[in-house]
Amino acid sequence: MEAPEQEYDLLYGHGLVLQELATRALQGSQEQGTLLKEACSKYEKALSLQPTSHTSTYNLGVARSDLARLTRATDPAAARHYLESAATCYADALRLHPDNPQALNNWGLVLQLKP
Numbered sequence: 010m011e012a013p014e015q016e017y018d019l020l021y022g023h024g025l026v027l028q029e030l031a032t033r034a035l036q037g038s039q040e041q042g043t044l045l046k047e048a049c050s051k052y053e054k055a056l057s058l059q060p061t062s063h064t065s066t067y068n069l070g071v072a073r074s075d076l077a078r079l080t081r082a083t084d085p086a087a088a089r090h091y092l093e094s095a096a097t098c099y100a101d102a103l104r105l106h107p108d109n110p111q112a113l114n115n116w117g118l119v120l121q122l123k124p
């Protein structure tokens, strides 16, 4: 069995790879959505091992923001859920690391999009 730190690193790294693959997938494709959901799952599992990881929290927010954009036209309720969840992730990331300008910027953008 792997040590929690190694398991965290593997899960976080896997999430990053899936998220990068999603950016390279055909925009708006089912594959892109599947990859983003899988990335979210990896980040969530990583956070279960290291709940104070601002990088996992931030990247989970980015993946959920991307899912919101992807589902906005086809499933507005799901898009709202992803936006709310992304906003929470960015707020949490800022609590963990207040000097993260990307999290602050993304949080503001998500708050502007929320109905």
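The sequence shown begins at 10 in the working numbering and counts up by one. Ideal placement from N, C-alpha and C gives every residue a C-beta, glycine not left out.
ask   = Curious, which full-length alpha helix (DSSP H) runs of at least 4 residues does the segment 52–90 contain?
value = 63–80
L69 to A82 span [Cα, whole Å]: Taking the first residue of the sequence shown as 1, we reach residue 69 at position 60. Taking the first residue of the sequence shown as 1, we reach residue 82 at position 73. Each residue's alpha carbon lies about 21 Å from the other.
Can you find the residues in the same chain that come closer than 6 Å, C-beta to C-beta, to H63, ignoring five residues on each side of it along the sequence? Taking the sequence shown and counting its residues from 1, the one referred to as residue 63 is at position 54. Excluding residues within five positions, the ones whose Cβ falls inside 6 Å are A102, L105 and H106.
Reference N109, options Y91, L35 and Y67, closest by Cα
As a working mapping, residue 109 is identified with position 100 in the sequence shown. The shortest Cα separation from N109 among Y91, L35 and Y67 belongs to Y67.
**Prompt:** Just the Cα atoms here: how many angstroms apart are N115 and E14?
**Reply:** Stepping through the sequence shown from its first residue, residue 115 is reached at position 106. Stepping through the sequence shown from its first residue, residue 14 is reached at position 5. If you take the alpha carbons of N115 and E14, they lie about 28 Å apart.
**Prompt:** Does the distance from the CB of G24 to the CB of A48 come in under 8 Å?
**Reply:** In the sequence shown, counting from the first residue as 1, residue 24 sits at position 15. In the sequence shown, counting from the first residue as 1, residue 48 sits at position 39. Yes. Within cutoff.
Is DSSP giving S50 helix, strand or coil here? Taking the sequence shown and counting its residues from 1, one reaches residue 50 at position 41. DSSP places S50 in helix when its eight states are reduced to three.
Q) Should V71 be listed as close to the ligand ATP, given that the test is whether its C-beta is under 7 Å from any heavy atom? A) Ligands in the displayed structure: none, and consequently the ligand ATP is not present.
Quiz prompt | CB-CB length for G42 against L76, believed under 8 Å | solution = Reading the sequence shown from its first residue, position 33 is the one you call residue 42. Reading the sequence shown from its first residue, position 67 is the one you call residue 76. Right, their Cβ atoms sit about 7 Å apart.
Problem - Cα-Cα separation between L19 and K123, rounded to whole angstroms - result: Taking the first residue of the sequence shown as position 1, residue 19 is located at position 10. Taking the first residue of the sequence shown as position 1, residue 123 is located at position 114. Distance between the alpha carbons of L19 and K123 is about 33 Å.
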